[in-house]
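As structure tokens, the structure follows; a few thoughts come after it.
Numbering (mature numbering (1 follows the signal peptide of the UniProt record, and there is no 0)), first residue to last: -20 to -1, 1 to 550.
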């Protein structure tokens, strides 16, 4: 067994971005009956959106919490019990915190904790809401986990809201969202305003979200559902113990995926072995196809749902999301189906805020697997045709501007009550002081970057057709000469592109699985230990601490037994 090494990349910690804000705004429990209430348009505790009132008990941890002995979860992510009330006026556009006619849900019991990594050090936290049973919130269907995303760097407060709306426009699932005003009760029960948040579905795999087939140890078919993402390993997460060979190093980013579905403790050893098997596992086989079989382009769809990768590619390039190809990158595979890309997630630094704010290039060029896909004629044809079709409908300039303006309107009307729109006073945004200008300026910048990048792609989309070589596709394996057609020597798309993309049919989108047990699913007659749920230490991350380093279990180069102890830190 080779030594287990944790590189310096695992030890790096995002620098804290803490910005001074005005004091927290506390809210009275009752209003003087003799006082004349101001109209809602002037009352800072009235909102053009629902109000969420969260009562954690005990209080959520603070940055100076006491860290348990390692390995363990970061103490600031400790889960606490809570109740939640949702306020929404039944008829009026304004919902007021202190209005007795406001419709309110009963106190819903749940658990809550902070979420995020670098954002843990922001003064505006992100929250994960966890219900024991599927629970609907506002107009969104029932599920157990929900995110409260607090826009902080994003002064428009709309980037995630916009990104998910755009992705749903392709006909695929992306988390639904709604802006809310968030109050959190202090230890005395007084609601304290925390700013505007986006109530957001988390990525999960039940019938109301991605919708994957059940995948349980007792079944004989473990081809799906599976789901994974790429992100730094965290304490208690499950990570397939993939073979880190040259194929995975080249096209799998050299990283261990994080298992999202099924839950890690429900896996049998047979399921784990089938996932990582280099001869039959769907990920190892996909990477080997990209290396060896680029001159057999029609075989690509045996490994991936090409349409889903095209939609993910177009959305990522338009959004300028610097993380989407390598971090916060989600994938899944339903039963008896190829791998699909998505849904999209974590767009805080998209649309002009990240390191690629005004990129005059394609982002995919830095990622070998995606470069390989563009060199496949079916992918290239579908990408060009799909972009042109979407730009004439749900992704048109008019559709996008209309959505941005409609989403900004209630926020802008609320912010009109604020002398200091970035502050944490009631009705104000509670965003970073790094934002510049007015709220209208922030929305205008978002809208401008959207149209600028879309226009850039409009001009260059047909240039995805290329004469291929190692500099474009990567230097491993044999390559076709062009990515025009099945015949790799066909160069006609370089001079007559429309003749190639105009006749392609976009693949049908997979309908979500309802998650019920299929009556025709064959079960194992007798479950041996090999086919029973178990824990494999090779798949279980031992932990990470924001302040004290990272521990992960050994990576493997062959079938061997992991040592159940933290790795040496080097």
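Backbone N, C-alpha and C fix where the C-beta goes; we use that ideal spot for every residue, glycine too.
Quiz prompt | Span separating the alpha-carbon of residue 399 from that of residue 194 | solution = Indexing the chain shown from 1 puts residue 399 at position 419. Indexing the chain shown from 1 puts residue 194 at position 214. In a straight line, the C-alpha of residue 399 is about 53 Å away from that of residue 194.
Practice problem: At 4 residues or longer, and completely inside the segment 110 to 198: list those alpha helix (DSSP H) runs for me, N to C. | Solution: 139 to 148
Exercise. Sort out for me which residues DSSP pairs residue 259 with in a bridge.
Key: Position 279 of the chain shown, counted from the start, is the residue given in the question as residue 259. Per DSSP, none; premise fails for residue 259.
Quiz prompt | Sufficient close CB pairs (3 or more, under 8 Å) joining the segment 376 to 395 to the segment 424 to 440 | solution = yes
Quiz item: What three-state label does DSSP hand residue 230 in the structure shown?
Solution: To locate residue 230, count along the chain shown from 1; it is residue 250. Looking at residue 230 - three-state DSSP - the assignment turns out to be helix.
Quiz item: Going by beta carbon distance, what residues of the same chain come within less than 6 Å of residue 147, once the five residues before and after it are set aside?
Solution: Translated into the one-based positions of the chain shown, residue 147 becomes position 167. Counting only Cβ-Cβ distances below 6 Å, and skipping sequence neighbours, we find 154, 295 and 324.
Quiz prompt | Under 8 Å between C-beta atoms of residue 161 and residue 176 | solution = As a working mapping, residue 161 is identified with position 181 in the chain shown. As a working mapping, residue 176 is identified with position 196 in the chain shown. Yes; because the gap between Cβ atoms is below 8 Å, this pair is in contact.
Quiz item: Is it buried or exposed for residue 518, if we count other Cβ within 10 angstroms and need 16 for buried?
Solution: If you number the chain shown from 1, residue 518 lands on position 538. Classification of residue 518: buried, given that the 10 Å Cβ count is 16 or more.
Exercise. Please report how far the alpha carbon of residue 389 lies from the alpha carbon of residue 409, in whole angstroms.
Key: Translated into the one-based positions of the chain shown, residue 389 becomes position 409. Translated into the one-based positions of the chain shown, residue 409 becomes position 429. Going by C-alpha positions, residue 389 is about 14 Å away from residue 409.
Quiz item: Is the beta carbon of residue 290 sitting closer than 8 Å to the one on residue 366?
Solution: The sequence position of residue 290 within the chain shown is 310, counting from 1. The sequence position of residue 366 within the chain shown is 386, counting from 1. For residue 290 and residue 366, yes; Cβs fall inside 8 Å.
Self-check item: Under the three-state DSSP convention, the category residue 368 falls into
Solution: The residue given as residue 368 occupies position 388 in the chain shown. Looking at residue 368 - three-state DSSP - the assignment turns out to be helix.
Quiz prompt | Ranges of the alpha helix (DSSP H) found wholly within the segment 325 to 365, counting only runs of at least 4 | solution = 348 to 354
Quiz item: Helix, strand or coil for residue 319 per DSSP?
Solution: One-based indexing of the chain shown puts residue 319 at position 339. DSSP places residue 319 in the strand class (E or B) of the three-state scheme.
Practice problem: Determine contact between the segment 42 to 55 and the segment 69 to 78, defined as no fewer than three beta-carbon pairs at a distance below 8 Å. | Solution: no
Quiz item: Taking the C-alpha atoms as reference points, what is the distance between residue 415 and residue 222?
Solution: Along the chain shown, one-based indexing puts residue 415 at 435. Along the chain shown, one-based indexing puts residue 222 at 242. Roughly 42 Å separates the two Cα atoms.
Exercise. Please state whether DSSP places residue 91 in a helix, a strand or coil.
Key: Reading the chain shown from its first residue, position 111 is the one you call residue 91. Residue state, collapsed to three classes: strand.
Practice problem: Report the option in 143, 514, 217 and 43 whose CA atom is closest to the CA atom of residue 98. | Solution: Position 118 of the chain shown holds residue 98. Here the closest residue by C-alpha is 43.
Self-check item: Other residues of its chain near residue 393: CB distance less than 7 Å, five sequence neighbours each side excluded
Solution: Position 413 of the chain shown, counted from the start, is the residue given in the question as residue 393. 28, listed in sequence order.
Quiz item: Just the Cα atoms here: how many angstroms apart are residue 196 and residue 356?
Solution: For the purposes of this step, residue 196 is identified with residue 216 of the chain shown, where counting begins at 1. For the purposes of this step, residue 356 is identified with residue 376 of the chain shown, where counting begins at 1. CA-CA distance, residue 196 to residue 356, rounds to 35 Å.
Self-check item: The beta strand (DSSP E) enclosing residue 63, as first and last residue numbers
Solution: Within the chain shown, residue 63 is the residue found at index 83, counting from 1. First-last of the beta strand (DSSP E) with residue 63: 60 to 68.
Quiz item: Does the Cβ-Cβ distance between residue 179 and residue 142 come in under 8 Å?
Solution: Your numbering for residue 179 matches position 199 in the chain shown. Your numbering for residue 142 matches position 162 in the chain shown. Not a contact, by the Cβ cut-off of 8 Å.
Exercise. Measure the C-alpha to C-alpha separation of residue 552 and residue 69 and round it to an integer number of angstroms.
Key: It is not possible to answer for residue 552, since the shown part of the chain is limited to -20 through 550.
Exercise. Can you tell me which of the three DSSP states residue 379 falls into?
Key: Mapped onto the chain shown, residue 379 falls at position 399. Helix, per DSSP.
Quiz prompt | Per-residue burial, residue 279 [other beta carbons within 10 Å of its own, 16 or more giving buried] | solution = Locating residue 279 in the chain shown gives position 299, counting from the first residue. Residue 279 should be labelled exposed.
Quiz item: If you run the structure through DSSP and keep just helix, strand and coil, what is residue 520?
Solution: As a first step, residue 520 is located in the chain shown; it is residue number 540 there, counting from the start. If DSSP states are grouped into helix, strand and coil, residue 520 belongs with the strands.
Exercise. Report buried or exposed for residue 479, applying the criterion of at least 16 other Cβ atoms within 10 angstroms of its Cβ.
Key: As a working note, residue 479 is residue 499 in the chain shown. Its Cβ having fewer than 16 others within 10 Å, residue 479 is exposed.
Exercise. Buried or exposed for residue 272, please, with buried defined as at least 16 other CB atoms from any protein chain shown within 10 angstroms of its CB.
Key: Against the chain shown, residue 272 aligns to sequence position 292. Its Cβ having fewer than 16 others within 10 Å, residue 272 is exposed.
Quiz prompt | Where residue 326 falls, given that 16 or more other Cβ within 10 Å makes a residue buried | solution = In the chain shown, counting from the first residue as 1, residue 326 sits at position 346. By the beta-carbon neighbour count (other beta carbons within 10 angstroms, threshold 16), residue 326 is buried.
Quiz item: Beta carbon of residue 90, beta carbon of residue 30: below 8 Å?
Solution: Position 110 of the chain shown, counting from 1, holds the residue named residue 90. Position 50 of the chain shown, counting from 1, holds the residue named residue 30. Not closer than 8 Å, so no.
Exercise. Please report the Cβ distance between residue 62 and residue 34, rounded to the nearest whole angstrom; I am assuming they are in contact, meaning their Cβ atoms lie under 8 Å.
Key: Within the chain shown, the letter at position 82 stands for residue 62. Within the chain shown, the letter at position 54 stands for residue 34. Between residue 34 and residue 62 the Cβ distance is about 6 Å, and since that is below 8 Å, they are a contact.
Exercise. Just mark residue 22 as buried or exposed, buried being the case when its beta carbon has 16 or more other beta carbons within 10 Å.
Key: Residue 22 sits at position 42 when you count from the first residue of the chain shown. That one is exposed.
Quiz prompt | Nearest residue (CA-CA) to residue 439, options 253, 315, 298 and 514 | solution = The residue labelled residue 439 in the question sits at position 459 within the chain shown. When only C-alpha atoms are compared, the closest one is 298.
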